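Asker:
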Amino acid sequence: GMSRYNTNLQQVANNTWNKIDKINTELFTLTYGAIVVQLLKDFDSVDDVNNQLEKMGYNIGLRLIDEFLARSGLGRCRDLRETAEVIAKVGFKMFLGFAGTVLKMNAKKGSFHLVLEDNPLIDFVELPAQYKDTLIYNNILCGVIRGALEMVQMKVKCTVKKCPLKGHDVTQIKVVLIEHLTSEIPVGDEF
Amino acid sequence: MSIAALAVIGRQNNPLFLQTFSSDVGLKFHFIVHASLDVIEEKVKKKSKGEKLEKYLGLLYPTEDFKVYGYITNTLVKMILVISESSTAKDLDIKYFFDKFHQLFLKVTSNPFYETNSKIESPRFASAVESLALKGL
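Note that the protein sequences, when read in sequence, are chains F and W. Note that the first sequence covers residues 1 to 191 in the numbering used here. Note that the second sequence covers residues 1 to 137 in the numbering used here.
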């Protein structure tokens, strides 16, 4: 049943994790922080920055998916639930170092939430008051998920629902399936 | 409570953080910290001839009511601890305290929104420092 499936995914996640090269997480965290701060200096509105972060993520996701599928050895997901579980248990583990969980799975509505208790992107980060309500610090993750899934024929919309930088206890991203794409529609970089 | 004040001073002797835990007038601690900087400069000068600079600088000077201890990082950020004269804290306890205080400093300065060498205004840092100070020595 589901628990054996989850255990298998955990094994896949651990095996993949053990295979890949790793870098110092602090460098990763500081690099991302530097990018966000620079974007805030370069762009006039916080909305623009949020969009840039999402676009950056999208471009990363387009490329990351191949790496992910190759390293993890996973094949096509049978349904949305499996997609959700794979992103949370294997994807997050592989790229962020921490596995997440799936909440509010709704196959009918075509939506699910991804929850991360540990999020290296936000280590040491404290948002200044002027950005607390407007900046979506984690928006790059939304883009990565969108780009990656688009390469496997799923058009999705992602939004950050919860973030510890805003006082929540976890990072939570809502993913909504808008439509399945046919293979004729070309997918590519966004600038 | 034996810890009276904590300060962090930048490399250009610019004040980055000052927290007092005593009912004494805050200005008194400004003077104490200011005087400490001269003592630290002397200590650092003495060691600069090829000798490795130890971060923990020990007792800088005693006043009538307080004992003042210093600590300097490799990036020349200075940390000052002012404790009541009656405190029986040993050197080792104080060194341990400075290490912990240094860790908190590293965390807050790793915030990408913190401008290096600017005043530390993080509420998270202030409350973490308060907790650390309340634990005592």
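Cβ coordinates follow ideal geometry from the N, Cα and C atoms, glycine included. Just so it is clear, the structure is predicted and the values come from calculations on it, not from any experiment.
Using beta carbons (cut-off 7 Å, strictly below), is R124 (chain W) in contact with chain F?
Answerer: yes
Asker: Tell me the rounded alpha-carbon separation between T88 (chain W) and G136 (chain W).
Answerer: 11 Å
Asker: At 4 residues or longer, what runs of the alpha helix (DSSP H) sit wholly inside the region 55-125 of chain F?
Answerer: 80-85 and 92-96
Asker: How is C163 (chain F) classed by DSSP in three states: helix, strand or coil?
Answerer: coil
Asker: Using the Cα positions of T101 (chain F) and C77 (chain F), report the straight-line distance between them to the nearest angstrom.
Answerer: 17 Å
Asker: Which one of F:A148, F:L141 and F:L39 has the shortest CA to CA distance from K161 (chain F)?
Answerer: F:L141
Asker: Check whether the Cβ atoms of T16 (chain F) and P120 (chain F) sit closer than 7 Å, and answer yes or no.
Answerer: no
Asker: Helix, strand or coil for V8 (chain W), going by three-state DSSP, please let me know.
Answerer: Strand at V8 (chain W).
Asker: Please state whether DSSP places K174 (chain F) in a helix, a strand or coil.
Answerer: strand
Asker: Looking at the strands, I want to know which residues DSSP matches up with F125 (chain W).
Answerer: Beta-bridge pairing links F125 (chain W) to no other residue.
Asker: Would you say V152 (chain F) faces chain W, with C-beta separation under 7 Å as the test?
Answerer: no
Asker: I want to verify the contact list: residues of chain F whose CB lies under 7 Å from the CB of K107 (chain W), in sequence order.
Answerer: Within chain F, the residues near K107 (chain W) are F124.
Asker: Which residue wins for smallest C-alpha separation from F95 (chain F), given the options F:A148, F:M105, F:V125 and F:K157?
Answerer: F:A148
Asker: Against chain F, with Cβ distances strictly below 7 Å, would N111 (chain W) count as a contact?
Answerer: yes
Asker: Compare the Cα-Cα distances from T83 (chain F) to each of F:G97, F:D21 and F:L103 and report the closest residue.
Answerer: F:L103
Asker: On the DSSP bridge assignment, give the partners of E179 (chain F) in chain order.
Answerer: According to DSSP, which records beta bridges pairwise, E179 (chain F) is partnered with F:K155.
Asker: Is the Cβ-Cβ distance between I32 (chain W) and V77 (chain W) less than 7 Å?
Answerer: no
Asker: For the alpha helix (DSSP H) containing T25 (chain F), name the first residue and the last one.
Answerer: T25 to D42
Asker: For G143 (chain F), which option in F:Q130, F:K157 and F:K132 has the closest C-alpha, if you only look at C-alpha atoms?
Answerer: F:K157
Asker: By Cβ distance, which residues of its chain are closer than 6 Å to K155 (chain F), with the 5 residues on each side in sequence left out?
Answerer: I178, E179 and L181
Asker: Spatial neighbours of E54 (chain F) within its chain, please: CB distance less than 6 Å, with the 5 preceding and 5 following residues excluded, ordered by chain position.
Answerer: The answer, listed in chain order, is N139, C142 and G143.
Asker: Buried or exposed for G70 (chain W), going by 16 or more other Cβ atoms inside 10 Å?
Answerer: buried
Asker: Identify the contact partners of L141 (chain F) in chain W, using a Cβ-Cβ distance below 8 Å as the criterion.
Answerer: Neighbours of L141 (chain F) on chain W: none; closest Cβ ~17 Å, over 8 Å.
Asker: Who are the neighbours of V36 (chain F) on chain W, taking C-beta pairs under 7 Å?
Answerer: Correct list: P112.
Asker: Give me the DSSP bridge partner(s) of I83 (chain W).
Answerer: W:I3 and W:K67
Asker: Looking only at its own chain, which residues have a Cβ that is under 6 Å from the Cβ of I136 (chain F), when we skip the five neighbours before and after it?
Answerer: Excluding sequence neighbours, I136 (chain F) sits near N50 and V160.
Asker: To the nearest whole angstrom, what separates the beta carbons of V68 (chain W) and L104 (chain W), a pair I think is in contact under 8 Å?
Answerer: Between L104 (chain W) and V68 (chain W) the Cβ distance is about 20 Å, and since that is not below 8 Å, they are no contact.
Asker: What are the start and end residues of the beta strand (DSSP E) that includes L16 (chain W)?
Answerer: P15 to T20
Asker: Which of helix, strand or coil does DSSP assign to G58 (chain W)?
Answerer: strand
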